[in-house]
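Under this note's numbering, the sequence shown has 24 at position 20, and the numbering climbs by one with no breaks. Notes to accompany the following structure.
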Amino acid sequence: MRPTSSRLLLLLLGASLAFAACTPHRETVNRYKYLIKDADSENTATSTTPSNKEIIRDKATSLNIGEKLVPVLEEASEYLGTPYKHGGNTHSGIDCSGLTQNCYSKAGITLPRSAAEQSQYGEKIARKNLQIGDLVFFDAKSSGKIDHVGMVTKVEGDKVVFIHSTTSKGVRFDMLNEGYWQDKLRESRRVPLE
């Protein structure tokens with residue numbers, strides 16, 4: 005094998021290992037298919053599956069989610085599966101800050117457009133105090149700058165689920181305290197709803 009070929013092979017192997025490390029477990033995606041749904045209660049008793057909006061409305065009271073936050077979560081559920089588009093803010097393509105901006109607009113709140121600007125909005129929250137609706141900010145590129153944002157959709161003990169728009173998979177759920185994202189979190193903010 006020529007030296008150039010072996011370098012290329014090592015580069016490809018390294019890239020595939022890095023990609024595998026960043027790919028969340030299938031269980032994460034399947035387990036948290038719906039916003040704020042109980043992780044272990046699947047709807048097998050009936051043949052119809054409730055919509056994301058029905059689940060959010062049904063759970064809002066028991067999870068102490070204020071009425072102003074309900075449309076924010078409903079809007080987030082409408083974007084699940086939407087492909088990523090840099091600078092996008094529609095159902096045909098959206099980026100991370102476009103998603104959070106569109107969701108909070110349903111509560112009459114105008115967030116700034118970029119993740120970095122959004123990280124200056126609202127009250128700073130410690131990781132241990134996260135609640136549904138809080139914004140989580142990341143340094144995804146390890147550049148020392150905030151370049152990614154998501155919104156918390158479920159808190160169950162130390163398990164925190166957030167929704168965000170990823171470049172590879174579009175709008176999806178991921179776990180905050182596991183895998184790729186756990187070491188990328190830089191800040192959390194609570195958007196004032198009053």
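Ideal Cβ positions, reconstructed from N, Cα and C, are used throughout, including at glycine. Since we're looking at a predicted model, the values are computed, not measured.
Give the straight-line distance between the Cα atoms of residue i and residue j, rounded to the nearest whole angstrom.
i, j, result
"residue 77", "residue 90", "22 angstroms"
"residue 105", "residue 79", "11 angstroms"
"residue 99", "residue 145", "15 angstroms"
"residue 94", "residue 119", "17 angstroms"
"residue 190", "residue 134", "13 angstroms"
"residue 174", "residue 183", "18 angstroms"
"residue 130", "residue 192", "7 angstroms"
"residue 179", "residue 172", "16 angstroms"
"residue 186", "residue 142", "9 angstroms"
"residue 195", "residue 156", "12 angstroms"
"residue 56", "residue 127", "28 angstroms"
"residue 107", "residue 113", "9 angstroms"
"residue 168", "residue 177", "7 angstroms"
"residue 158", "residue 84", "15 angstroms"
"residue 92", "residue 61", "28 angstroms"
"residue 65", "residue 170", "30 angstroms"
"residue 88", "residue 81", "15 angstroms"
Any idea if residue i is buried or exposed, counting beta-carbon neighbours within 10 angstroms, 16 or more meaning buried?
i, result
"residue 148", "exposed"
"residue 21", "At residue 21 the pLDDT is 44, less than 50, meaning the model places this residue with poor confidence; the figure from the coordinates comes in the next sentence. Exposed."
"residue 208", "Nothing about residue 208 can be reported from this structure: the residues present for the chain run from 5 to 198 only."
"residue 151", "buried"
"residue 63", "buried"
Among the residues of its own chain, which have a CB less than 7 angstroms from the CB of residue i, if the five just before and after it don't count?
i, result
"residue 181", "162, 163, 164"
"residue 122", "101, 104, 115, 116, 139, 153"
"residue 188", "142, 143, 144"
Using a Cβ-Cβ cutoff of less than 6 angstroms, which residues in the same chain neighbour residue i once the five nearest sequence positions on both sides are dropped?
i, result
"residue 96", "none"
"residue 45", "With a pLDDT of 37 at residue 45, under the threshold of 50, the modelled position of this residue cannot be trusted, and the question is left open."
"residue 86", "95, 98, 174, 175"
"residue 132", "none"
Using 8 angstroms for Cβ pairs, my map puts residue i next to residue j. What's the rounded Cβ distance?
i, j, result
"residue 197", "residue 73", "6 angstroms"
Ignore the nearest five residues each way along the sequence and tell me which others in residue i's own chain have a CB closer than 8 angstroms to its CB.
i, result
"residue 75", "110, 111"
"residue 136", "40, 67, 69, 73, 77, 156, 157, 158, 159"
"residue 71", "64"
Compute the minimum distance between the beta carbon of residue i and the heavy atoms of the ligand GDP, and state whether it is under 8 angstroms.
i, result
"residue 75", "In the structure on display, the ligand GDP does not appear, and there are no ligands present to speak of."
### Ordered list of alpha helix (DSSP H) runs contained in the region 93 to 164, each at least 4 residues
Taken in chain order, the complete alpha helix (DSSP H) segments of 4 or more residues contained in the region 93 to 164 are 100 to 109, 119 to 122.
### Task
Please list the segments of the alpha helix (DSSP H) lying wholly inside the region 49 to 88, counting only runs of 4 or more residues, in order along the chain.
DSSP runs (the alpha helix (DSSP H)) wholly in the region 49 to 88: 56 to 64, 74 to 82.
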